[in-house]
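For the sequence shown, the tail end lands on 320 under full-length UniProt numbering, and the numbers increase by one without skipping.
Positions of the beta carbon are idealized from the N, C-alpha and C atoms, including for glycine.
This structure is a prediction, so every number in the text was calculated from the model and none was measured.
Down below is the structure, laid out as structure tokens.
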Amino acid sequence: TECVSGCVCPAGLFDDGRGGCVEQKDCPCIHNNELYSSGDKIKVDCNTCTCQKGIWTCTEDVCYGSCTIYGSGHYNTFDGKFYDFDGTCEYVAAQDFCGDKNSSGSFSIITENVPCGTTGVTCSKAIKMFLGVSDDSQYISVIKYVGDDVRYWNRTVGLYLVIETSNGVMLIWDKKTSMFIKLSPDYKGKVCGLCGNFDDKANNDFTTRSGLLETNPLDFGNSWKQSPMCPDVTQEVKPCDLKPHRKSWAEKECSIIQSEIFKICHSKVDPLPFYEACVHDACSCDSGGDCECFCSAVAAYAQECIKAEACVFWRTPDIC
Numbered sequence: 001t002e003c004v005s006g007c008v009c010p011a012g013l014f015d016d017g018r019g020g021c022v023e024q025k026d027c028p029c030i031h032n033n034e035l036y037s038s039g040d041k042i043k044v045d046c047n048t049c050t051c052q053k054g055i056w057t058c059t060e061d062v063c064y065g066s067c068t069i070y071g072s073g074h075y076n077t078f079d080g081k082f083y084d085f086d087g088t089c090e091y092v093a094a095q096d097f098c099g100d101k102n103s104s105g106s107f108s109i110i111t112e113n114v115p116c117g118t119t120g121v122t123c124s125k126a127i128k129m130f131l132g133v134s135d136d137s138q139y140i141s142v143i144k145y146v147g148d149d150v151r152y153w154n155r156t157v158g159l160y161l162v163i164e165t166s167n168g169v170m171l172i173w174d175k176k177t178s179m180f181i182k183l184s185p186d187y188k189g190k191v192c193g194l195c196g197n198f199d200d201k202a203n204n205d206f207t208t209r210s211g212l213l214e215t216n217p218l219d220f221g222n223s224w225k226q227s228p229m230c231p232d233v234t235q236e237v238k239p240c241d242l243k244p245h246r247k248s249w250a251e252k253e254c255s256i257i258q259s260e261i262f263k264i265c266h267s268k269v270d271p272l273p274f275y276e277a278c279v280h281d282a283c284s285c286d287s288g289g290d291c292e293c294f295c296s297a298v299a300a301y302a303q304e305c306i307k308a309e310a311c312v313f314w315r316t317p318d319i320c
């Protein structure tokens, strides 16, 4: 489908992949398998890309990083690696205390994961945020604040509690099972935990607490538990296999992610991992709260769509 010269078009003109012949300056560009005309602009993270002569030219602003933890153990790291981890313990979601034991840092975000439902999946139910110089002898449930070096503000925006700090960390929490961590570009390559290292490379996100690179998400996740007393996770939970009677209901409900409602977003954010995570969650929430699990899963995809500048109004009186 690329813009090519050949025997299809007259000399000096190029096949535009849509059955037409154009001059080189009017060649289209491709993004996520969609064709864009010359002069079209798209948003990629915080940068704007313009199609010129079949090639994208983009601004080079440094963007905030964003990590999502939602539903029953779904993680989307700062560098965009998607994985599942169902552990029952407190885990480091993100921190800048990386390297040796004496390394200095300014923040640490801990997620406490507890079982939700009877299938063995876990959800993030409580968050601890440590700011300033870490000192494990005292903490407050959501925020722990040591020293005068970091200030923070909190506010409520719609369904979400938003905590913003003076050192470039933002935590957005729906007070249920979804959490979004945003970091200023100053932290690039300086953080560690379940959200990865924010160095624009997804292939090294599974770096353990001891600095080893793992391929297995379970070994990686186990390394970030806070207490050695917690059991290691040894196998991936597959709730739809354990509750097959819920599978068709889950697939039907979650199909909204792949439906016309989200069509505007499909070319910008791949819906498949979010659809699979939704089915996983809808199967697993079997002790009440199944609608909450489904809604959180769809909201996570909608949030990624908003980041890609594809605004979708999907909530209705009947749906979430």
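Exercise. Please determine, among A94, D281 and C285, the residue with the shortest C-alpha to C-alpha distance to A297.
Key: D281
Quiz item: Start and end of the alpha helix (DSSP H) containing F274?
Solution: L272 to S284
Exercise. Can you tell me which of the three DSSP states G65 falls into?
Key: Note: G65 maps to strand in three-state DSSP.
Quiz item: CA-CA distance, P185 and W173?
Solution: In this model, P185 and W173 are separated by some 21 Å (Cα to Cα).
Practice problem: If I'm right that D40 touches C27 with Cβ under 8 Å, what's the distance once you round it to whole angstroms? | Solution: Going by Cβ atoms, the distance from D40 to C27 rounds to 12 Å, so no, they are not a contact pair.
Quiz item: Near V8, which residues of its chain fall below 8 Å by C-beta distance, leaving aside the five closest residues on each side in sequence?
Solution: D15 and C21.
Exercise. Locate the beta strand (DSSP E) running through W249, then write down its first and last residues.
Key: From DSSP, W249 is part of no beta strand (DSSP E) but of the alpha helix (DSSP H) over P244 to C254.
Quiz item: Which two residues bound the contiguous alpha helix (DSSP H) that contains I42?
Solution: It is not in any alpha helix (DSSP H) - I42 instead sits in the beta strand (DSSP E) that spans K41 to V44.
Quiz item: What is the C-beta distance between V233 and L218, in whole angstroms, given that I count them as a contact (C-beta under 8 Å)?
Solution: In this structure V233 is in contact with L218, their Cβ atoms being roughly 5 Å apart against a cut-off of 8 Å.
Practice problem: Specify the secondary structure class of S267 as computed by DSSP and reduced to three states. | Solution: In the three-state DSSP reduction, S267 falls in the coil class, being neither helix nor strand.
Quiz prompt | Local conformation of V114 per DSSP, three classes | solution = strand
Quiz item: Under 9 Å between the Cβ atoms of I181 and A126?
Solution: no
Self-check item: Outcome for N203 when other beta-carbon atoms lying within 10 angstroms are tallied against a minimum of 16
Solution: Looking at its Cβ environment, which holds fewer than 16 other Cβ atoms inside 10 Å, N203 is exposed.
Practice problem: Write down the C-beta distance between V191 and C98 rounded to the nearest angstrom, noting that I regard them as a contact closer than 8 Å. | Solution: 7 Å
Exercise. Assign S259 to one of three DSSP states: helix, strand, or coil.
Key: coil
Practice problem: Report all residues from its chain with a CB closer than 6 Å to the CB of E304; omit the five preceding and five following residues, and keep chain order. | Solution: Cβ neighbours of E304 within its own chain (closer than 6 Å, five residues either side excluded): V269.
Self-check item: For A299, three-class secondary structure by DSSP
Solution: helix
Practice problem: Please determine if the segment 83-91 and the segment 221-235 are in contact, where contact requires at least 3 C-beta pairs separated by less than 8 Å. | Solution: Yes, they touch.
Self-check item: Residues near residue 323 by beta carbon distance below 7 Å, same chain, minus five either side
Solution: Past the edges of the chain, shown from 1 to 320, lies residue 323, and the structure says nothing about it.
Quiz item: Which residues mark the beginning and the end of the alpha helix (DSSP H) in which L218 is found?
Solution: P217 to S223
Exercise. Using only alpha-carbon positions, find the residue among T316, K307, R315 and W314 that is nearest to G80.
Key: K307
Practice problem: Classify R151 as buried or exposed, calling it buried when 16 or more other Cβ atoms lie within 10 Å of its own Cβ. | Solution: exposed
Quiz item: Can you list, in chain order, the residues of its chain whose CB lies under 6 Å from that of V62, leaving out five sequence neighbours each side?
Solution: Contacts found: P185.
Self-check item: Presumed contact (8 Å Cβ cut-off) between residue 345 and C278, rounded CB distance
Solution: Examination of residue 345 is not possible in this model, given that the chain is present from 1 through 320 alone.
Exercise. Find the nearest neighbour of S267 within the set A310, S248 and K188, judged by alpha-carbon distance.
Key: Cα-wise, what sits closest to S267 is A310.
Quiz prompt | Inter-residue CB distance, Y91 and K225 (contact presumed, cutoff 8 Å) | solution = 6 Å
Quiz item: With DSSP run on the structure shown, which of helix, strand or coil describes K238?
Solution: coil
Practice problem: Please name the residue or residues paired with K182 in a DSSP beta bridge. | Solution: Beta-bridge pairing links K182 to S66 and M170.
Quiz item: When burial is assigned at 16 or more other CB atoms within 10 Å of the CB, is Q95 buried or exposed?
Solution: Residue burial annotation: Q95 is buried, with at least 16 other C-beta atoms found within 10 angstroms of its C-beta.
Exercise. Could you have a look at E292 and say whether DSSP puts it in helix, strand or coil?
Key: helix
Quiz item: Between which two residues does the beta strand (DSSP E) harbouring Y152 extend?
Solution: Y152 to V157
Practice problem: With DSSP as the reference, label I306 as helix, strand or coil. | Solution: helix
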